[in-house]
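What follows is one structure encoded as C-alpha cells, with my remarks underneath.
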Amino acid sequence: MQFANQALAIDEAAIKSGGLGKGLYPLLFDRRSKIELPMGRAPEAEADATRALGLLQPNTQPGEFSSIIGQVHVDLGLAQQAQGKLTEAAAEFRSGAEHLQKTLGADHPEARRAVQLSQTQALPQQP
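Here's what the structure looks like:
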C-alpha cells in the first residue's frame, strides 16, 4: 500500500510541475483500489475507483468505449459489492461488461468475467 501511495504522490507532483503523468494518474487510483479491496478497505477501494472513473470519463466521447474504463467499472462494482451495495454494483458490472465486450470482444476472459458478475449480481438476493 505504501508503494501505491508513493506512486500517486510522485505522479501528482510530476503533473503539478508541468511534467508528464496525467494519463497515468487515473490508472494509479484504480491500481490502489485493487490493493485496498482484499485488505478489507472496501470504502477506500470504492472511492479510488470512483476517482479513476471521474478522471477517465471526461476524455471519452459519447458512444466511445474503453477497456480501461470497463475494467475500472468492474473494480468499482467489486468494491460496492463488498459493501452490500448490490444495485450499484450490478450497474457497474453491466457498464464494465459493455465496455469490455466492445473493445476486447465477447470471448475475452475479462469481458466474460464482467458479464458473469453482472448476471450473478442481477439475481435476487437471499436474506
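For the sequence shown, position 78 (counting from the first letter as 1) is numbered 1331 according to the working numbering, and the numbering increases by one without interruption.
Positions of the beta carbon are idealized from the N, C-alpha and C atoms, including for glycine.
Requested in this report: Classify A1359 as buried or exposed, calling it buried when 16 or more other Cβ atoms lie within 10 Å of its own Cβ.
Outcome: By 1-based counting over the sequence shown, the position of residue 1359 is 106. That one is exposed.
Query raised in the report: Buried or exposed: where does Q1378 fall if 16 or more other Cβ atoms within 10 Å of its Cβ makes it buried?
Result: Within the sequence shown, residue 1378 is the residue found at index 125, counting from 1. Any reading at Q1378 must be qualified, since the residue scores a pLDDT of 49, below 50, and its modelled position is unreliable; the value itself is stated next. Exposed, by the Cβ-count rule.
**Report entry** Closest residue to Q1333 among E1299, Q1354 and F1282 (Cα-Cα distance)
**Finding:** In the sequence shown, counting from the first residue as 1, residue 1333 sits at position 80. Per the Cα distances, E1299.
Query raised in the report: Taking Cβ positions, are T1373 and S1320 nearer each other than 8 Å?
Result: By one-based count along the sequence shown, residue 1373 stands at place 120. By one-based count along the sequence shown, residue 1320 stands at place 67. Going by C-beta atoms, T1373 is not nearer than 8 Å to S1320.
Report task. Could you check the C-alpha separation between V1327 and E1289 for me, to the nearest Å? Result -> Locating residue 1327 in the sequence shown gives position 74, where the first residue counts as 1. Locating residue 1289 in the sequence shown gives position 36, where the first residue counts as 1. So the alpha carbons of these two residues sit roughly 15 Å apart.
Query - Status (buried if at least 16 other CB within 10 Å, exposed otherwise) for A1302 - result: Here residue 1302 is taken as the residue at index 49 of the sequence shown, counted from 1. With 16 or more Cβ atoms within 10 Å of its Cβ, A1302 is classed as buried.
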